[in-house]
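Let me begin by presenting the structure, written as structure tokens, before commenting on it.
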Amino acid sequence: MSKFIRYMIKSFAFITFLVLFAIVGHILIKGIPHITPSLFALKYTTENVSLFPAIITTIIITFLSLIIATPIGIFTGFYLIEYAKKGNKFIEIIRITAETLSGIPSIVYGLFGLLFFVTTLKWGFSILAGAFTLSIMILPLIMRATEEALMAVPNSLREASFALGAGKLRTIFKVILPAAMPGILAGIILSVGRIIGETAALIYTAGTVAQIPKNIFDSGRTLSIHMYALSSEGFYTEQAYATAVILLLVIIGLNYLSSYLSKKLLKGNSNE
């Protein structure tokens, strides 16, 4: 029986990797030959269908979303683990709500952003509306990652810090936070990946204008929206595959950066 289960696990793992490599390979084969200098032109036209404005917009939206969501998510995670009393029903409601928000389809967030940020607050289709919508989307992910990272920190570190006379706040910033930082950072990097790959929520909030935004109240399209727009039009399928390659490289780079920084932080903590 154990051999059969081991065989099934290996088979499913092999199928998973095979599907993954097939998808990635298909994108690379279709997209790499069509990556040309004109795709990185400063201004988008119907001739070059440049993705450079989309890259700039992606960076701006990612930066704004993280500025909004990261402090709130991290501080909420610290409150739930370090300050909230165990068995508090209100805290359990917060956790259930966060888990529920994590499972809501992105198009629902987009409709909420359209009704609230775009229409009610009258921000229009703008970078700011898209950033606030995405910050709500990634907030549960950062919060849960912070909670898991804090729960992984041994209580002996907290007790040792208190025994040496350190206060609660000093213990959090000098002892707990450095130890939990790799896990928190992993959650933030995953959030960045979700921001970059998001399409539905941004179509309803940030819009699809294919130019570099002059300010946060201008409309713009990210790489994922750019790829969607090119493929849906039917005339730029090859350029859409090229955009997918760039998007794939960005995601792989982020995963590598997350792994590298986590190892660096763990090594630094162990040396201390």
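Counting from 11, one number per residue, gives the positions in the sequence shown under the numbering used here. No residue lacks a Cβ here, since even glycine has one placed at the ideal position from N, Cα and C.
Neighbour-count burial assignment, residue i, 16 or more Cβ in a 10 Å radius
i: Leu76; result: buried
i: Phe142; result: buried
i: Glu208; result: buried
i: Leu149; result: buried
i: Leu179; result: exposed
i: Met237; result: buried
i: Ala23; result: exposed
Extent of the continuous alpha helix (DSSP H) to which residue i belongs
i: Glu6; result: Nothing about residue 6 can be read from this structure; the chain reaches only from 11 to 282.
i: Ile114; result: Element bounds for Ile114: n/a, residue is neither H nor E.
i: Glu208; result: First-last for Glu208: undefined, no H or E at that position.
i: Pro63; result: 62 to 88
i: Phe172; result: 165 to 173
i: Leu52; result: Here Leu52 belongs to no alpha helix (DSSP H), and DSSP marks it neither H nor E.
i: Thr181; result: 178 to 181
Residue nearest to residue i in terms of C-alpha spacing, selected from the options
i: Leu74; options: Ile137, Met161, Ile45; result: Ile137
i: Val260; options: Ser12, Leu200, Ala139, Gly177; result: Leu200
i: Pro115; options: Phe22, Lys274, Lys99, Ala211; result: Ala211
i: Ile256; options: Leu233, Glu57, Thr56; result: Leu233
i: Ile182; options: Ser241, Glu102, Ile84, Ile103; result: Ile84
i: Ile152; options: Val34, Ile82, Leu271; result: Ile82
i: Asn165; options: Ala190, Tyr54, Ile104; result: Ala190
Helix, strand or coil at residue i [DSSP, three-state]
i: Ala32; result: helix
i: Glu92; result: helix
i: Leu151; result: helix
i: Ile19; result: helix
i: Pro223; result: coil
i: Phe135; result: coil
i: Gly97; result: coil
i: Val255; result: helix
*Are three or more beta carbon pairs between the stretch 203 to 223 and the stretch 119 to 129 nearer than 8 Å?*
yes
*the stretch 153 to 169 / the stretch 75 to 95 touching (three or more Cβ pairs under 8 Å)*: yes
*Are the stretch 245 to 255 and the stretch 30 to 48 touching by the rule of at least three beta carbon pairs closer than 8 Å?*
yes
*Does the stretch 106 to 113 come close enough to the stretch 166 to 178 that 3 or more CB-CB pairs lie under 8 Å?*
no
*Determine, using beta-carbon pairs with one atom in the stretch 218 to 225 and one in the stretch 190 to 204, whether at least three such pairs fall under 8 Å.*
no
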